[in-house]
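Just below is one structure, and these are the notes that go with it.
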Amino acid sequence: MTRSRATARKAGTSFETLVANYLATHIDDRIERRTKNGNKDRGDIGGLRHLGQRVVLECKNTIKIALGPWAAEAETERGNDDALAGLIIHKRHGKAKAQDQWVTLTLGELVALINGNRDHYETN
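Everything in the sequence shown is counted per our numbering, starting at 3 for the first residue and increasing by one.
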């Protein structure tokens with residue numbers, strides 16, 4: 003059975019809320035689900051910071067994995083938000099708890115998070 007556009011939107015909103023609430027409870031109560039900003043979208047979750055800099059989270063609740071396009075979307079949103087890094091949170095089917103969901107990022111995003119800067123992107 004395929005999802006309709008409305009049910010897909012509802013599942014996405016529900017997943018984003020699950021992730022935002024978990025992060026707000028365990029990291030910072032200012033973390034929240036963002037509203038969409040069209041072509042200037044800045045990610046699905048706002049208020050997450052690392053080393054004093056914003057981190058963009060792109061949430062996906064779908065069975066089909068599309069890491070390449072998702073990473074490109076996270077990078078665009080990272081740029082729109084002038085954030086340190088962009089990460090993808092995607093649904094781990096069969097697991098309902100927020101803490102059991104997958105987090106995917108490129109090695110470059112991992113280095114940015116660890117170093118607190120994106121300087122390594124300029125040297126390669």
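Every residue, glycine too, gets a C-beta built ideally from N, C-alpha and C. Small disclaimer: the values here were computed from a predicted structure and weren't measured.
Open item on the list: Let me check you understand the geometry: is the CB of Tyr-24 closer than 7 Å to at least one non-hydrogen atom of the ligand NAP?
Closed with: Within the structure as shown, the ligand NAP is missing, as the structure has no ligands at all.
TODO: Inspect the CB distances between the stretch 34–54 and the stretch 93–105 and report whether three or more fall short of 8 Å.
DONE: no
TODO: Please check the pair Ala-85 and Glu-60, which I expect to be a contact at CB under 8 Å, by giving their CB distance rounded to whole angstroms.
DONE: As a working note, residue 85 is residue 83 in the sequence shown. As a working note, residue 60 is residue 58 in the sequence shown. In fact, because the Cβ distance is near 11 Å, the residues do not count as touching under 8 Å.
Open item on the list: According to DSSP, Gln-55 sits in a beta bridge with which residue or residues?
Closed with: The residue given as residue 55 occupies position 53 in the sequence shown. The partner list for Gln-55 (beta bridge, DSSP) reads His-52.
Task: Residues bridged to Leu-89 [DSSP beta-bridge criterion] - done: Translated into the one-based positions of the sequence shown, residue 89 becomes position 87. According to the DSSP secondary-structure assignment, Leu-89 is paired through a beta bridge with Leu-59.
Open item on the list: Less than 8 Å between the C-beta atoms of Asp-83 and Arg-44, yes or no?
Closed with: The sequence position of residue 83 within the sequence shown is 81, counting from 1. The sequence position of residue 44 within the sequence shown is 42, counting from 1. Yes, Cβ-Cβ distance for Asp-83 and Arg-44 is below 8 Å.
TODO: Compare the beta carbon distance of Thr-79 and Val-57 with 8 Å and say whether it is the shorter of the two.
DONE: Reading the sequence shown from its first residue, position 77 is the one you call residue 79. Reading the sequence shown from its first residue, position 55 is the one you call residue 57. A small correction: the amino acid at residue 79 is Glu; Thr does not occupy that position in the sequence shown. Not closer than 8 Å, so no.
Task: DSSP-derived helix/strand/coil call for Arg-35 - done: Here residue 35 is taken as the residue at index 33 of the sequence shown, counted from 1. Assignment of Arg-35 by DSSP, reduced to helix, strand and coil, places it in the strand class.
Open item on the list: Check for me: the beta strand (DSSP E) holding Thr-106 runs from which residue to which?
Closed with: To locate residue 106, count along the sequence shown from 1; it is residue 104. Element bounds for Thr-106: 104–106.
- [ ] Between the Cα of Lys-12 and those of Asn-23, Thr-27, Asp-31, Thr-64, spot the shortest distance and give me the residue it belongs to.
- [x] Here the question's residue 12 lines up with position 10 in the sequence shown. Among Asn-23, Thr-27, Asp-31, Thr-64, the Cα nearest to that of Lys-12 belongs to Thr-64.
Open item on the list: The alpha helix (DSSP H) that contains Ile-116, what's its start and end?
Closed with: On the sequence shown, position 114 is the one that residue 116 refers to. Taken as a continuous stretch (DSSP letters only), the alpha helix (DSSP H) holding Ile-116 covers 109–117.
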